[in-house]
Amino acid sequence: MICQECKQRQATVHFTKIINNHKTELHLCEECAQQRENFIQIPSFSINDLLAGFMDLGHAQPAFEKPASTKCAGCGMDYYQFKKIGRLGCQECYKYFGSELQPVLRRIQGSTQHTGKVPERAGSGLLKKKQIAQWKAELKRAVEMEAFERAAELRDKIKALEQLENQRRGKKNELD
Amino acid sequence: MSWINETGPGRDVVLASRIRIARNIADIPFPSAMQAHHAAEVAENVRKSLNHIRAETGSSFAFMYIRDVPVVERQILVEKHLASQDLMQNHEVSALLLDSEEKIVVMINEEDHIRAQCILPGFQLNQAWEKLNHVDNIIEKNIEYAFHEQLGYLTCCPTNVGTGMRSSVMMHLPALTANKQMNAILQTISKVGLTARGIYGEGSEALGSIYQISNQITLGPSEEELINNLTIICRQIVEKERIARKALHKTSGMQFEDALWRAYGILQNARVLELKEFMAFISQMRLGVGMGLIPDFSLEDVDTLMTAGQPAGIMKKVGRALDDSEIDIARADIIRDALDEILKSKNNL
Ligand SMILES: [Zn+2]
Ligand SMILES: [Zn+2]
């Protein structure tokens, strides 16, 4: 094999670089490898290229093809704009581009499930949401079993908690 | 006192430990898509936490809009790793919350609404996370963050989503660089979810053999797991570097010492110093000081010199904008004077 750099001498040094499942091979002669080591290879960090590359992979599967007109209702960004700049416009983008983002996240992050810190406020919101869902399921069962007293009780609980949560979120929206 | 002139564990190899988190406020577009009134709202919301942060951390914090900061000062903040170039580019809407010890910084309206970081001298990732986590909790009292049950903290760039946390260790690795072991190390760390880059200079060269090693993944593992992973790998690199230093000393003996003393000698006498050669010499001198071979200086002295020799640091000292050749002359002057100053103060003690 011939050196990829000088294209003259025999390649004796072989580099393999794996970044996020992307394998790049480099075959160099002793001299060119020496030179290269003097200028240590630091992976140049272009997130845009990285993302664009991965998203093309995601897009190779026709199931993920979406018309270019899919826009985030929150900020108006479309998928191709996102792909170009590698930045999302708002939190809603995660919802609107969810099906495209999932495979991308799996590739660049290796996981799609957060297990770290949960902020207290959003955390309490999530707990409330879970509680409401649980009560609603129970309510359905209560109605089916004609346990109307229990159903009324649950209805009040759900209403109260929903009101509380709306108030909390409403306070914030008044600022807008 | 900033982290630069404060001692820290493992300082012979680790200059500093840094952790930053990215946060966005719920229901406000990210900086990439927001309007001026959104930006003002974000800044105001963070500013509200100022008194709380002061009271709970016991540090004095200053809040400043970048548009009010003189241009040279902006560049110095960047050179000290207290702010990013992105923050400066957004100067019309961006702001900064900075503690007087320059350990905790909150950047406002950078790529995300909030980018908070803690930087400590030496190898202190856990301590940095503890401090930063505390500040994050205080800020959150006034703000609802954009957070998703499954994806965690929602960030402008999906490469930060989840914990939104980037933890990094700034390392001085002259012996591993001289032994040409860095390529292998960089390859290895990329396989365990870490990434490395030079922190001084531009392009692919690590000026002064100074590298920043960080976690690349932000979603999946918890903050503690990410920090632990980085700690384990960096501890190994520190050990490798120390072994390589001893080996170089052992095999090259007086020639090795001579090279370090010569670097010091040039810094003490040069009349013109380009950035690249300055970084090469200061790196050699740092190696000598770190190994106890050049006795009159501390690592904090050397790291202070390193910062003083960066372009904006020089212009600030001179007090005006300089062209490249003027900078190289001013750099040599500043470094000579600073070395004299340190020696004089040591002799007076
Ligand atoms: Zn060759
Ligand atoms: Zn959006």
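If you read the protein sequences in the order shown, they are chains R and E.
Note that my numbering has the first sequence beginning at 365, numbered continuously upward.
Note that my numbering has the second sequence beginning at 21, numbered continuously upward.
Each residue gets a CB set at the ideal place from its N, CA and C atoms; glycine is no exception.
Could you give the first and the last residue of the continuous alpha helix (DSSP H) run that contains residue i?
{"i": "residue 313 of chain E", "result": "Looking at the DSSP string, residue 313 of chain E is not in any alpha helix (DSSP H), and its letter there is neither H nor E."}
{"i": "residue 235 of chain E", "result": "No alpha helix (DSSP H) contains residue 235 of chain E, which is instead part of the beta strand (DSSP E) from 230 to 235."}
{"i": "residue 103 of chain E", "result": "Run containing residue 103 of chain E: none; DSSP gives neither H nor E here."}
{"i": "residue 54 of chain E", "result": "Per DSSP, residue 54 of chain E belongs to no alpha helix (DSSP H) and is neither H nor E."}
{"i": "residue 149 of chain E", "result": "145 to 160"}
{"i": "residue 266 of chain E", "result": "243 to 289"}
{"i": "residue 454 of chain R", "result": "Segment: none, residue 454 of chain R is in no alpha helix (DSSP H) and carries neither H nor E."}
{"i": "residue 462 of chain R", "result": "462 to 473"}
{"i": "residue 71 of chain E", "result": "70 to 77"}
For residue i, is the classification buried or exposed, using 16 other Cβ atoms within 10 angstroms of its Cβ as the cut-off for buried?
{"i": "residue 464 of chain R", "result": "buried"}
{"i": "residue 143 of chain E", "result": "buried"}
{"i": "residue 51 of chain E", "result": "buried"}
{"i": "residue 370 of chain R", "result": "exposed"}
{"i": "residue 413 of chain R", "result": "In this prediction, residue 413 of chain R scores a pLDDT of 49, lower than 50, which makes its location untrustworthy; the coordinate-derived value is nonetheless stated afterwards. When all chains shown are included, residue 413 of chain R counts as exposed."}
{"i": "residue 509 of chain R", "result": "exposed"}
{"i": "residue 205 of chain E", "result": "buried"}
{"i": "residue 528 of chain R", "result": "exposed"}
{"i": "residue 497 of chain R", "result": "exposed"}
{"i": "residue 339 of chain E", "result": "exposed"}
{"i": "residue 348 of chain E", "result": "buried"}
{"i": "residue 350 of chain E", "result": "buried"}
{"i": "residue 444 of chain R", "result": "exposed"}
{"i": "residue 80 of chain E", "result": "exposed"}
{"i": "residue 24 of chain E", "result": "buried"}
Going straight from the alpha carbon of residue i to that of residue j, what length do you get?
{"i": "residue 354 of chain E", "j": "residue 168 of chain E", "result": "51 Å"}
{"i": "residue 467 of chain R", "j": "residue 161 of chain E", "result": "34 Å"}
{"i": "residue 322 of chain E", "j": "residue 366 of chain R", "result": "45 Å"}
{"i": "residue 378 of chain E", "j": "residue 75 of chain E", "result": "Because chain E in this structure spans residues 21 to 369, residue 378 of chain E falls outside the shown range and cannot be described."}
{"i": "residue 342 of chain E", "j": "residue 446 of chain R", "result": "40 Å"}
{"i": "residue 109 of chain E", "j": "residue 531 of chain R", "result": "38 Å"}
{"i": "residue 435 of chain R", "j": "residue 174 of chain E", "result": "18 Å"}
{"i": "residue 183 of chain E", "j": "residue 166 of chain E", "result": "12 Å"}
{"i": "residue 452 of chain R", "j": "residue 176 of chain E", "result": "5 Å"}
{"i": "residue 484 of chain R", "j": "residue 317 of chain E", "result": "47 Å"}
{"i": "residue 476 of chain R", "j": "residue 145 of chain E", "result": "25 Å"}
{"i": "residue 48 of chain E", "j": "residue 111 of chain E", "result": "19 Å"}
{"i": "residue 96 of chain E", "j": "residue 127 of chain E", "result": "15 Å"}
{"i": "residue 102 of chain E", "j": "residue 120 of chain E", "result": "12 Å"}
{"i": "residue 104 of chain E", "j": "residue 525 of chain R", "result": "43 Å"}
{"i": "residue 262 of chain E", "j": "residue 365 of chain E", "result": "30 Å"}
{"i": "residue 86 of chain E", "j": "residue 515 of chain R", "result": "57 Å"}
{"i": "residue 473 of chain R", "j": "residue 235 of chain E", "result": "11 Å"}
{"i": "residue 61 of chain E", "j": "residue 449 of chain R", "result": "25 Å"}
{"i": "residue 88 of chain E", "j": "residue 82 of chain E", "result": "13 Å"}
{"i": "residue 213 of chain E", "j": "residue 237 of chain E", "result": "6 Å"}
{"i": "residue 320 of chain E", "j": "residue 281 of chain E", "result": "18 Å"}
{"i": "residue 384 of chain R", "j": "residue 520 of chain R", "result": "Confidence at residue 384 of chain R is low in this model, with a pLDDT of 47, below 50, so the placement of that residue is unreliable and no value is reported for it."}
Closer than 6 Å: is that where the CB of residue i sits relative to any heavy atom of ligand 4?
{"i": "residue 509 of chain R", "result": "Of the ligands this structure carries, namely ligand 1 and ligand 2, none is ligand 4."}
For the beta strand (DSSP E) containing residue i, list its first residue and its last residue.
{"i": "residue 188 of chain E", "result": "185 to 192"}
{"i": "residue 85 of chain E", "result": "81 to 85"}
Tell me, which residues are paired with residue i by DSSP?
{"i": "residue 442 of chain R", "result": "R:435"}
{"i": "residue 137 of chain E", "result": "E:40, E:125"}
{"i": "residue 374 of chain R", "result": "R:366"}
{"i": "residue 167 of chain E", "result": "E:173"}
{"i": "residue 115 of chain E", "result": "E:85, E:128"}
{"i": "residue 215 of chain E", "result": "E:234"}
{"i": "residue 34 of chain E", "result": "E:191"}
{"i": "residue 182 of chain E", "result": "E:173"}
{"i": "residue 45 of chain E", "result": "E:165"}
Which parts of the stretch 326 to 366 of chain E are runs of the alpha helix (DSSP H), unbroken and 4 residues or longer, counting only runs that do not cross its ends?
With a minimum length of 4 residues, the continuous alpha helix (DSSP H) runs that stay inside the stretch 326 to 366 of chain E are 331 to 338.
In chain order, each alpha helix (DSSP H) run of at least 4 residues that lies wholly inside the stretch 482 to 537 of chain R:
You should have 484 to 508.
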